[in-house]
Amino acid sequence: MRNKILSISVFLFFSIVFVIFFKGLKETNIYTPDLDIKKEIPFFHAKDFYTGKKLNTSDIFKLNQTYLLNIWSSWCLPCRKEHPLLLSLNENKKINIIGMNYKDNKINAEKFLKELGNPYKRVFEDLEGTIAIEWGAYGVPETFLIYNNKIIRKYIGPLNLNIIEEIKLLIK
Amino acid sequence: MKILKIIIIIFLIYPTNNLKAEDLEIKNKITKNLRCLICQGQSVYDSDSEFANSLKILVDKKINEGLSEDQIYEFFKNKYGEWILYDPGLNKNTYILWLLPLLIFLAGGAIIYNSFIVKK
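Chains A and B supply the protein sequences, listed in that same order.
Take the first sequence: its letter number 123 is residue 123 in our numbering, and every next letter is one higher.
Take the second sequence: its letter number 84 is residue 84 in our numbering, and every next letter is one higher.
1) So, is Arg2 (chain A) buried or exposed, given that buried needs 16 or more other C-beta atoms within 10 angstroms?
2) Going straight from the alpha carbon of Ser54 (chain B) to that of Leu100 (chain B), what length do you get?
3) Okay, do the segment 86–104 of chain A and the segment 126–139 of chain A touch, 3+ Cβ pairs below 8 angstroms being the bar?
4) Is Ile6 (chain B) closer than 8 angstroms to Ile72 (chain B) when the C-beta atoms are compared?
5) Would you report the Cα separation of Glu40 (chain A) and Ile8 (chain B), rounded to the nearest angstrom?
6) Quick check on the DSSP output: the beta strand (DSSP E) that includes Glu82 (chain B) runs from which residue to which?
7) Taking a Cβ distance cut-off of 7 angstroms, strictly less, list which residues of the segment 74–102 of chain B are near chain A, in chain order.
8) In the DSSP output, what is Leu145 (chain A) paired with across the bridge?
9) For a test of the three-state rule: what should DSSP assign to Ala132 (chain A), helix, strand or coil?
10) Return helix, strand or coil for Leu55 (chain A), following the three-state DSSP convention.
11) Under 9 angstroms between beta-carbons, which chain B residues line up against Ile20 (chain A)? List them in chain order, please.
12) Three-state secondary structure (DSSP) at Tyr102 (chain A)?
13) Applying the criterion that 16 or more other CB atoms from any shown protein chain within 10 Å of the CB defines a buried residue, is Asn96 (chain A) buried or exposed?
14) Can Ile163 (chain A) and Glu142 (chain A) be called in contact, C-beta distance under 8 angstroms?
15) Can you tell me whether Tyr50 (chain A) is buried or exposed, with buried defined as 16 or more other CB within 10 angstroms of its CB?
16) Closer than 9 angstroms, Cβ to Cβ, to anything on chain A: give me those residues from the segment 43–60 of chain B, in chain order.
17) Do the segment 27–41 of chain B and the segment 80–88 of chain B meet, that is, are 3 or more Cβ pairs less than 8 angstroms apart?
18) Using a Cβ-Cβ cut-off of 8 angstroms, state whether Ala107 (chain B) counts as contacting chain A.
19) Please list, in chain order, all residues of the same chain as Lys54 (chain A) whose beta carbon is under 7 angstroms from its beta carbon, the five residues on each side excluded.
20) Rounding to the nearest angstrom, what Cα-Cα distance links Lys23 (chain A) and Ile16 (chain A) in this structure?
21) Name, please, each residue of chain A whose Cβ falls closer than 9 angstroms to the Cβ of Asn33 (chain B).
22) For Asn90 (chain A), does the three-state DSSP call read helix, strand or coil?
23) DSSP state of Leu37 (chain B), grouped into three classes?
24) Between Val140 (chain A) and Lys61 (chain B), what straight-line distance do the alpha-carbon atoms span, to the nearest angstrom?
Structural data, given as structure tokens:
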């Protein structure tokens with residue numbers, strides 16, 4: 001009798017373990033970041049790209065307005081590719097595009113904007129890359145859609161036409 | 001005179017050396033427990049990517065601001081989620097991870113107890 005209980009419990013135990021691991025097999029363990037987040041924007045201090053004045057969150061982001069924060073750098077090739085899309089999006093008056101210049105050389109960054117055009121209402125510097133971390137960013141390029149001081153959507157990597165259409169739909 | 005010179009040198013060097021040995025130790029400990037999210041299988045401590053370097057600077061800043069180790073983990077967990085920690089806490093997603101080894105250990109112990117000690 002005792003032996004039977006033991007063998008049944010051992011059998012049950014191993015079948016439960018089997019089911020757990022079998023289910024675990026099918027789940028991808030590739031890390032996928034959360035893109036659809038509704039988080040408050042972080043508080044940070046930064047320097048204005050042109051004037052060098054000190055800024056904080058409330059100087060840049062106001063309530064009841066839509067912003068698109070774009071992290072860019074002159075050394076980043078995908079940023080160069082997505083730049084025309086930002087310029088075309090800038091024609092939409094409902095959205096304010098803000099640039100975060102990530103770990104860049106100022107002369108190169110100015111050259112970049114002169115050459116390709118400036119879609120940004122405001123640009124601030126992030127020389128150490130720490131502000132990008134405060135935002136929960138992974139690198140360049142990365143774009144955040146912000147409304148009412150909340151991050152509505154996050155796009156990792158360069159923007160493409162589909163994303164631009166999505167943004168236009170969202171801000172309607 | 002020599003002593004005065006040494007004192008002046010120490011006085012000049014001391015303020016620039018703002019990372020105390022203890023801080024460095026705790027910084028290394030924290031960065032070793034943070035996953036570099038854009039690298040494969042590397043901690044922030046091991047990596048030299050742009051992301052990891054910025055993270056190291058930020059950890060330094062947070063230590064200087066006086067945050068404790070747990071507060072710093074909490075900060076990064078808020079930004080990037082549980083995945084950034086190599087040593088995840090006990091919650092509803094991770095309880096199997098924590099309890100399964102213990103259960104297996106207990107079951108093994110029970111089997112050994114049953115088959116060897118009771119038989120004797």
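In this text, a Cβ means the ideal position worked out from N, Cα and C, and glycines have one as well.
Because the structure is a prediction, the values reported are computed rather than measured.
The answer reads as follows:
1) Result: exposed.
2) Whole-angstrom Cα-Cα distance: 36 angstroms.
3) Taking one beta carbon from each stretch, the segment 86–104 of chain A and the segment 126–139 of chain A have 3 or more pairs nearer than 8 angstroms; the two touch.
4) Cβ atoms of Ile72 (chain B) and Ile6 (chain B): not closer than 8 angstroms.
5) Whole-angstrom Cα-Cα distance: 49 angstroms.
6) From DSSP, Glu82 (chain B) is part of no beta strand (DSSP E); its letter is neither H nor E.
7) From the segment 74–102 of chain B, only Lys79, Tyr80, Gly81, Trp83 and Ile96 have a Cβ closer than 7 angstroms to chain A.
8) Looking at the DSSP output, Leu145 (chain A) bridges to A:Leu68 and A:Arg153.
9) Looking at Ala132 (chain A) - three-state DSSP - the assignment turns out to be helix.
10) Leu55 (chain A) falls in the strand class under three-state DSSP.
11) By Cβ distance, chain B contributes Ile96 and Leu100.
12) If DSSP states are grouped into helix, strand and coil, Tyr102 (chain A) belongs with the strands.
13) Under this definition Asn96 (chain A) is a buried residue.
14) Not closer than 8 angstroms, so no.
15) Within a 10 Å sphere around the beta-carbon of Tyr50 (chain A) sit fewer than 16 other beta-carbons, which makes this residue exposed.
16) Cβ contacts with chain A come from Ser49, Glu50, Phe51, Asn53, Ser54, Leu55, Ile57 and Leu58.
17) In short, these stretches touch, since the Cβ pair count reaches three.
18) For Ala107 (chain B), at least one C-beta of chain A is nearer than 8 angstroms to its own C-beta.
19) Hits under 7 angstroms: His45 and Lys47.
20) Those two C-alpha atoms are separated by around 11 angstroms.
21) Within chain A, no residue comes near Asn33 (chain B); the closest Cβ sits about 16 angstroms away, beyond 9 angstroms.
22) Note: Asn90 (chain A) maps to coil in three-state DSSP.
23) Coil at Leu37 (chain B), not helix or strand.
24) Going from the Cα of Val140 (chain A) to the Cα of Lys61 (chain B) covers about 22 angstroms.
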